[in-house]
Amino acid sequence: MRPDLIRGHLDGLLLSILSEEPAHGYGLVERLTELSGGAFALPEGTVYPALHRLERDGLVASRWLAGSGRRRRVYRLTARGRRASESARAEWRSFADAMARVLGTTA
Amino acid sequence: MSAIEAYLAELRSALRVKGRARRRILAECAGHLREAASGHGEAEAVARFGPVDKLAASFDAELAAHRGQRATVGMTLALAAAAATVLDFAHSGRPDPAAPHAFAIVFGIAGQVAAVALVIAVVQALRWRGTMPPAGALVVLARRNRVAVTAAALTIAAAAGTVTGRSLAPLGAFGALGIALWCARRGSRLARALPAARGSHVESPLEDLAVLAAGAPVVGGGVEWVRNLLDPVRHPVRTCAVVAVFAAAGAFARDQWEGAATGPAALTAGIEAAAVIGAFVALGPTLGLRTRRRA
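As you go down the protein sequences, you meet chains A and B in turn. 107 is the number that our numbering gives the last residue of the first sequence; the numbers go up by one with no jumps. 402 is the number that our numbering gives the last residue of the second sequence; the numbers go up by one with no jumps.
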């Protein structure tokens, strides 16, 4: 799938994955690949500018944690991020339904 | 040097971000690459991570956007404090009869330029809040902040030269101006390092307002109506002419209300109109209101 199709929705995708449980950047990329069945193949580094922006906007919080002999920056949703994630899901469902009606496909 | 070390060295060189943010970026990227390498090998991990130049540009742009918006907020508060101090001083002091008339003209014109630059910067910052603006918009915001601070400095200096009186107000105004200047410099440093900084960019204030008013149909409709008639980006000559006429009319009416004779009031109106046109021609490209005409 073309990376430019995903880029505009990356924030929503990251918030959605973090709504399951906290994760570090590599874990987010792995989960995104797993859930999308490999369809979302963005350059892995692109998640970090997005995560930093989400953190500056107060939607996620992060801290360094040590584990498995490595130091990782782990991200979690804030209360505001949780609301943003739910809002993004609702917006996407509405968009997908409208696209399906126009394109004549079932969702 | 391993593939990961070479990648990180290239990223370190390409990043314009400095300080703690830079250290964090490099540490996170290093951790990710080493984790990925344990499963796929270093070459594959580096290939999957993405091109260095694009990634560095994304990090720089993201931080530039954040700092630009924060700078606009800080500047607005500082310049509002400076303006309140200057107005208080202007009302409590006495006009200096020996002061050149040019000081009063600079006070009036620079003050309006500062106000316009600041308002359109605030509207732009609000429009892009919570989203990632294009690089051109970051550059325009930085320029608007710098124009606002520079014009405010001229206004305060002109006020200090025009009014006499015993007061610490000018010191307070310059102090607030110093804070605004620090905010503007911090907000613009990264934006000026972006590749887009060298080009000409436009950002219509009315388009920003239309985006902000999108949730309010009546207001949004009104903004679109005005925009179709008067938008400095779409209709530069018409917009400049209309604003100049209104500004001149306002200056004339104000002077008449203050008891000035028709002749001097008309002269003030003429100066006001010339100032609007001159500012639009000279500062329009810098403020992102029109493109720079190529020779």
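Just so it is clear, CB atoms sit at the ideal spot from N, CA and C, and this is done for glycine as well.
Just checking: is the beta-carbon of residue i within a distance shorter than 8 Å of some beta-carbon in chain B?
{"i": "Pro49(A)", "result": "yes"}
{"i": "Gly81(A)", "result": "no"}
{"i": "Asp57(A)", "result": "yes"}
{"i": "Arg73(A)", "result": "yes"}
{"i": "Ser87(A)", "result": "no"}
To which residues of the same chain is residue i closer than 7 Å at the C-beta, ignoring the five residues directly before and after it?
{"i": "Ala163(B)", "result": "Leu118, Ala121, Leu122"}
{"i": "Ala206(B)", "result": "Gly268, Thr269"}
{"i": "Arg253(B)", "result": "Ala291, Ser295"}
For chain A, find out if any of its Cβ atoms is closer than 8 Å to the Cβ of residue i; answer yes or no.
{"i": "Arg129(B)", "result": "no"}
{"i": "Ile111(B)", "result": "no"}
{"i": "Cys290(B)", "result": "no"}
{"i": "Ala228(B)", "result": "no"}
{"i": "His173(B)", "result": "yes"}
{"i": "Ser165(B)", "result": "yes"}
{"i": "Ile263(B)", "result": "no"}
{"i": "Gly126(B)", "result": "no"}
{"i": "Glu314(B)", "result": "no"}
{"i": "Leu162(B)", "result": "yes"}
{"i": "Gly385(B)", "result": "no"}
{"i": "Ile286(B)", "result": "no"}
Of the residues the options, which one's Cα is nearest the Cα of residue i?
{"i": "Leu18(A)", "options": "Thr78(A), Gly8(A), Ser36(A)", "result": "Thr78(A)"}
{"i": "Ser16(A)", "options": "Pro43(A), Gly25(A), Leu32(A)", "result": "Leu32(A)"}
{"i": "Pro43(A)", "options": "Leu28(A), Glu55(A), Arg53(A), Leu54(A)", "result": "Leu28(A)"}
{"i": "Leu288(B)", "options": "Val256(B), Leu261(B), Gln363(B), Val349(B)", "result": "Val256(B)"}
Could you pull the DSSP bridge partners for residue i from this structure?
{"i": "Arg63(A)", "result": "Val74(A)"}
{"i": "Pro202(B)", "result": "Val270(B)"}
{"i": "Ala23(A)", "result": "Tyr75(A)"}
Which bits of chain B does residue i rub up against, with CB to CB less than 7 Å?
{"i": "His9(A)", "result": "Here the premise fails: no neighbours, minimum Cβ distance about 13 Å."}
{"i": "Gly25(A)", "result": "Glu135, His139"}
With hydrogens ignored, establish whether the beta-carbon of residue i is closer than 7 Å to any heavy atom of the ligand GTP.
{"i": "Arg201(B)", "result": "In the structure on display, the ligand GTP does not appear, and there are no ligands present to speak of."}
Starting from the C-beta of residue i, find all residues in its chain whose C-beta is less than 8 Å away, skip the five residues before and the five after it, and write them out in chain order.
{"i": "Ala321(B)", "result": "Gly327"}
{"i": "Glu149(B)", "result": "Ser109, Ala110, Ile111, Leu140"}
For residue i, go through chain B and note every residue whose CB falls closer than 9 Å to its CB, in chain order.
{"i": "Glu21(A)", "result": "Those do not exist, as Glu21(A) stays about 18 Å from chain B at its closest Cβ, beyond 9 Å."}
{"i": "Arg70(A)", "result": "Gly138, Arg141, Glu142"}
So which residues on chain A does residue i lean against when the C-beta distance must stay under 8 Å?
{"i": "Arg155(B)", "result": "Pro43, Glu44"}
{"i": "Glu117(B)", "result": "Neighbours of Glu117(B) on chain A: none; closest Cβ ~12 Å, over 8 Å."}
Ignore the nearest five residues each way along the sequence and tell me which others in residue i's own chain have a CB closer than 6 Å to its CB.
{"i": "Arg177(B)", "result": "none"}
Please compile the residues from chain A whose C-beta is within a distance smaller than 7 Å of the C-beta of residue i.
{"i": "Gly237(B)", "result": "Asp57"}
{"i": "Glu169(B)", "result": "Pro49, His52, Arg53"}
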